[in-house]
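Sequence lines, in order, name chains W, X and Y. If you count by the numbering used here, then the first sequence holds residues 17 to 301, one letter each, in order. If you count by the numbering used here, then the second sequence holds residues 108 to 295, one letter each, in order. If you count by the numbering used here, then the third sequence holds residues 8 to 84, one letter each, in order.
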Amino acid sequence: MPRTSDRVALDDWYAVESAASLSAVPLRTRLLGEAITLLRDANGAALAHDEAGASLAVLESYGLIFVTLGAPTRPLVHIAEAQEQDRRVIPCGWTTIRASGLRLVENFLDMAHFPFVHADILGAEPHTEVVHYPSAIRRDVDEVWATGCRFWQPRAAATDETGTLMEIDYRVTSPFIVMLYRFAPSAPHRRDCIALFIQPLEEALCRAQPVMWLVDAISTHSAMLHFEQVIFRQDRIIVENQRPLTLPLDPRHEIPTRADSSSVAYRRWLKERGLRFGTFEGRGA
Amino acid sequence: MGWTAIALSDDLAPGDVAGTRLDGQEVALWRDMAGVAHAWEDRCPHRGMRLSFGFVRSGHLTCLYHGWQYDAQGRCRAIPAHPELTPTSTIRPTRHGCVEASGMVWHGAGEPPPDMPAWPLRSLYCDVAVAALGPLRREKWRGTTLLLAPQPRNASQSCLHVVALTPPNDVAALLHDLAALRRSLEAA
Amino acid sequence: MDERAVIRFTGRLAPASFTSFARHRAARLSLRLDAWQVDKHQARAVLHGPPDLLDAFEMACALGPLDCIVLHVMRGE
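Structure, rendered in structure tokens:
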């Protein structure tokens, strides 16, 4: 497909590669329908250009390469936890998913699926209730937040042997970047941060990489990585088998309940911003 | 109106859930614990997850995503995120016509197909358009009368459901013949 | 235990579209829509039914059809 004409989608920063994967050897990938090429120059600086050879603006941050096809009006998300030197930083690698990246964000925000999709890991029957939590579009910072979300989890982290009532805040900073803050079982005064960076390749095709900044000082790197990868693979089965693959902005054919309020807030925010790429209503645009 | 075979009855045990395609449309097929087969639109009305990935619990088809449960009439009976919520009968997936006859599960509407004693043989999944399978028909193979029922899955894939209408003389040979049939269809 | 709910949606609304959407949603949830007023800036619904289904009505209408942008939702008179 050719590059999208959706200005809202174009004027944003997108993670497109891991910084460690970039060298003088050009890498080809796609963003919003456009074929792009990435490489490092002789000085090690990351460069990107589009199919026509035009230079694209590039940022290197959080161990990732970010590119824009347009003119973002906001800086890249600020993640304070990435600055804290004592944290374990776990990049989880890229996975390609045959669904809209927006569906992936919606799935990340959702808790009601924990006892079913992530049975005995992030949730377990009969602890299926999603108690009320506030969701808000914070127009001052132009982000979506769901705060004080509580859910019973049997084993939410690699260090956790028994169940706990987890408390989670969710934060969406761009249509394709979402993160959560979770009180760490081993250090209850600090929060783990897990972010999901999504590279929209096409309307119903994306690549995504979770990156974790964890307080856990006990588990091995590979145990934490494995834990997150299992969960991500389970979520992939879901979003690749939702219909439609793109995110509906009109819920006429769905039945959101109070448990879905973070998804509703997210979709309302996308609608207000005028995004169409990756949505059901934008198909063929 | 009419009926299209979508499975052999014996391949769908009580509690089984499967997905199939009919002319490109995704259909969820399941059998409840009372033994009745159901064909529904393969899409949970909550948030669009394919119901064919679900499971049967307490006689209800349960969606894999959030555990919403639907009874044999398609009525939602439980929404686990809200244990106090009594779902209304208006919360339901789209149900399709589904009957069993002659050892097969049929999808469609109208006067049901004739129901004859049958011995299950095989469902052949073929990478050919349904036209290559020929029409719904009876044929005599090795002295046994077979019922051959084609199913269009999409433009380039189809399925031929086969049962015997008389006690089969040599099942192994018939299965061998059917495998050879599929190979010849796909080689063409 | 059934309750009464008054819900106000304010924003940039397409009245006919929002009305059709709200009526369809109330029926889908088997809720009684006792009153409905709408113009281009706000809509007010008075409903009767179980609390969780009233919440579901609020969720769906807070998003609403494509041509309606709901900026604020208020529960209560």
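Cβ atoms here follow ideal geometry from the backbone N, Cα and C, with glycine treated the same way.
Within chain Y, partners of residue i - CB distance below 7 Å
i        : result
SER265/W : What sits at residue 265/W in the sequence shown is Leu, not Ser. Simply LEU73.
HIS189/X : ASP59
GLU288/W : ILE76
Proximal residues of chain X, C-beta to C-beta of residue i below 8 Å
i        : result
ALA34/Y  : THR197
THR144/W : GLY174, PRO187, ALA188, PRO190
Proximal chain W residues relative to residue i, where beta-carbon distance stays under 7 Å
i        : result
TYR92/X  : Because chain X here runs from 108 to 295, residue 92/X falls outside it and cannot be looked at.
ARG157/X : ASN257, ARG259
MET66/Y  : PRO272, THR273, ARG274, ASP276, SER277, VAL280
Beta carbon of residue i nearer than 8 Å to that of residue j
i        : j        : result
LEU72/W  : ALA62/W  : no
LEU282/X : MET223/X : no
PRO107/W : GLN225/W : yes
GLY215/X : GLY109/X : yes
VAL160/W : VAL188/W : yes
LEU115/X : SER230/X : yes
TRP110/W : GLY139/W : no
THR193/X : PRO57/Y  : yes
VAL231/W : ASP208/W : yes
GLN296/X : ALA185/X : The shown model of chain X, from 108 to 295, leaves out residue 296/X, and the question about it has no answer.
ILE81/W  : ALA35/W  : yes
ALA29/Y  : ARG82/Y  : no
ALA112/X : GLN258/X : yes
ARG114/W : LEU263/W : no
SER39/W  : ARG56/W  : yes
TRP229/W : GLU76/W  : no
MET211/X : ALA239/X : no
PRO227/X : ASP117/X : yes
ASP22/W  : ALA87/W  : no
ARG289/X : ARG128/X : no
ALA63/Y  : PRO272/W : yes
Chain-ordered chain X contacts of residue i [CB-CB under 7 Å]
i       : result
PRO22/Y : Simply none; closest approach about 25 Å.
Nearest candidate by alpha-carbon position, reference residue i, set the options
i        : options                                : result
ALA112/Y : GLY18/Y, ARG19/Y, THR26/Y              : Chain Y is shown only over 8 to 84; residue 112/Y falls outside these bounds and no answer can be derived.
ASP46/Y  : ALA63/Y, MET66/Y, LEU40/Y, ARG15/Y     : ARG15/Y
VAL255/W : ARG119/W, ARG289/W, ALA68/W, LEU80/W   : ARG119/W
VAL134/X : LEU228/X, ARG150/X, ALA120/X           : ARG150/X
ARG249/X : ALA279/X, TYR172/X, GLU191/X           : ALA279/X
ASP126/W : THR20/W, ASP185/W, PHE243/W            : ASP185/W
ARG259/W : TRP229/W, ILE137/W, PHE296/W, GLY79/W  : PHE296/W
TRP147/X : THR195/X, VAL206/X, PRO220/X, GLU218/X : VAL206/X
ILE153/W : HIS55/Y, TRP43/Y, ALA69/Y, ALA21/Y     : ALA69/Y
ASP178/X : GLY166/X, LEU285/X, CYS266/X           : GLY166/X
GLY164/W : MET182/W, ASP156/W, ASP158/W           : MET182/W
GLU296/X : ASN261/X, GLU293/X, VAL270/X           : Residue numbering for chain X in the displayed model covers 108 to 295; residue 296/X lies beyond these limits and cannot be assessed.
GLY69/W  : LEU85/W, GLY79/W, TYR78/W, ALA58/W     : LEU85/W
GLY298/W : ALA23/Y, THR17/Y, LEU73/Y              : LEU73/Y
THR251/X : PRO274/X, THR195/X, ALA208/X           : PRO274/X
LEU171/X : LYS287/W, HIS134/W, THR45/W            : HIS134/W
Partners in chain W for residue i, counting only beta-carbon separations shorter than 8 Å
i        : result
PRO152/X : HIS269, GLU270, ILE271
HIS31/Y  : ARG268
Cross-chain neighbours of residue i in chain X, by beta carbon under 9 Å
i       : result
SER37/Y : THR195, SER196, THR197, ILE198
Neighbour list for residue i in chain Y, Cβ cutoff strictly below 8 Å
i        : result
PRO297/W : In the sequence under discussion, the amino acid at residue 297/W is Glu, which differs from the Pro named in the question. Neighbours of GLU297/W on chain Y, chain order: LEU73.
Within chain Y, the residues that residue i reaches when beta carbons sit closer than 9 Å
i        : result
GLU159/W : The premise fails here: GLU159/W is roughly 16 Å from chain Y at the closest Cβ pair, so nothing lies under 9 Å.
ARG284/W : ALA69, LEU70, GLY71, ILE76, VAL77, LEU78
Within chain W, partners of residue i - CB distance below 9 Å
i       : result
ALA63/Y : ILE271, PRO272, THR273, ARG274, ASP276
Check: residue i C-beta below 7 Å from any heavy atom of the ligand HEM
i        : result
ALA238/X : Judged by which ligands are present, the structure shown has none, so any question about the ligand HEM falls away.
Report the residues of the region 269-282 of chain W with a CB closer than 7 Å to any CB of chain Y, ordered along the chain. ILE271, PRO272, THR273, ARG274, ASP276, SER277, VAL280
Are three or more beta carbon pairs between the region 182-201 of chain X and the region 278-296 of chain W nearer than 8 Å? no
Closer than 8 Å is the cut-off here; do at least three beta carbon pairs connect the region 125-144 of chain X with the region 91-98 of chain W? no
Would you call the region 233-246 of chain W and the region 26-43 of chain Y in contact, with 3 or more CB pairs under 8 Å? no
Which residues, in order along the region 235-255 of chain W, keep a beta-carbon less than 8 Å from a beta-carbon of chain X? ILE253, ILE254
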